[in-house]
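The structure under discussion appears below in the form of structure tokens.
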Ligand code: GLP
């Protein structure tokens with residue numbers, strides 16, 4: 010695992026965007042795995058500027074988002090569909106046919122999850138997976154547990170994650186308690202992974218990843234088993 014430590018959130022965002030841009034320029038029809046959360050917003054902003062000033066082209070890029078709350082409507086401002094439109098897709102030249110996000114309103118969750126994995130396979134797998142990390146080490150919505158799921162699946166969120174994400178909702182009881190998410194196989198089979206962490210509330214989870222031990226109690230620690238992972242941290246997240 011490679012570790013890049015940046016001065017602050019801005020530098021972390023710029024560093025990440027520059028790496029993503031390089032990958033897109035090298036393979037304009039790449040398959041890109043995308044995260045939500047507050048961490049990647051700055052990186053998305055930088056990428057939007059590059060598209061708008063004509064130095065980056067997303068027209069051939071295919072995207073797969075990591076996760077979505079369940080149940081939730083795509084039109085709900087708290088949905089990850091809505092988040093992606095607002096923070097990224099509405100501002101870049103992406104072909105909407107190439108955008109994939111799990112359906113938080115699907116009736117048959119198992120079928121939706123199996124089809125999502127199949128669609129990723131049909132596109133030849135994810136070239137570059139971008140990730141954030143939860144305060145408890147979760148990646149996408151793979152929460153710490155004795156066992157982790159390999160494939161895309163429905164998951165119950167931990168109390169900590171519900172509490173952490175409550176800041177985006179009017180109150181904690183409005184946070185969905187379930188989500189659909191890519192599993193560990195889906196994440197680890199990406200050819201390259203870039204993971205961002207900012208702020209001291211991520212420092213403990215990040216430090217556990219660099220102990221050289223892998224534990225399902227910190228899902229991000231499984232990234233140590235992947236051959237091409239870059240952690241981009243600000244100084245606060247790297248603090249421990
Ligand atoms: C959510 C998302 C994750 C994200 C995490 C951290 O639970 N499912 O993909 O990495 O939160 O979010 P933030 O960047 O807001 O700290």
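In the numbering used here, the protein residues as written are 10 to 249.
A virtual CB, placed ideally from N, CA and C, is assigned to each residue, including glycine.
Proximity below 8 Å, CB of residue i to CB of residue j
i, j, result
"residue 173", "residue 144", "yes"
"residue 77", "residue 218", "no"
"residue 18", "residue 51", "yes"
"residue 118", "residue 89", "no"
"residue 93", "residue 62", "no"
"residue 202", "residue 241", "no"
"residue 225", "residue 154", "yes"
"residue 10", "residue 233", "yes"
"residue 55", "residue 178", "no"
"residue 125", "residue 139", "no"
"residue 13", "residue 239", "yes"
"residue 69", "residue 38", "yes"
"residue 237", "residue 15", "no"
"residue 25", "residue 59", "no"
"residue 228", "residue 151", "yes"
Host beta strand (DSSP E) of residue i (start-end)
i, result
"residue 116", "Residue 116 -> no beta strand (DSSP E), and no H or E assigned at all."
"residue 70", "From DSSP, residue 70 is part of no beta strand (DSSP E); its letter is neither H nor E."
"residue 239", "238-243"
"residue 162", "162-165"
"residue 190", "187-190"
"residue 12", "11-15"
For residue i: DSSP bridge partner residues
i, result
"residue 151", "148"
"residue 182", "Note: residue 182 sits in no beta bridge, so no partner."
"residue 204", "140 and 240"
"residue 42", "73 and 138"
"residue 109", "73"
"residue 79", "187"
Anticipated Cβ contact below 8 Å, residue i with residue j, distance rounded
i, j, result
"residue 66", "residue 102", "7 Å"
"residue 113", "residue 83", "7 Å"
"residue 107", "residue 71", "4 Å"
"residue 184", "residue 175", "5 Å"
"residue 231", "residue 193", "6 Å"
"residue 44", "residue 134", "Actually they do not touch by this definition, with Cβ atoms about 17 Å apart."
"residue 53", "residue 99", "The Cβ separation is near 11 Å, so there is no contact."
"residue 246", "residue 208", "6 Å"
Range of the contiguous alpha helix (DSSP H) that encloses residue i
i, result
"residue 51", "50-61"
"residue 197", "193-197"
"residue 90", "89-96"
"residue 172", "168-174"
"residue 27", "18-35"
"residue 216", "212-218"
Does the contact criterion of 3 or more C-beta pairs under 8 Å hold for the region 145-155 versus the region 205-223?
Output reads yes: the region 205-223 touches the region 145-155.
Does the pairing of the region 189-199 with the region 116-134 give three or more beta-carbon distances under 8 Å?
Taking a cut-off of 8 Å for Cβ pairs, the region 189-199 and the region 116-134 touch, as three or more such pairs fall below it.
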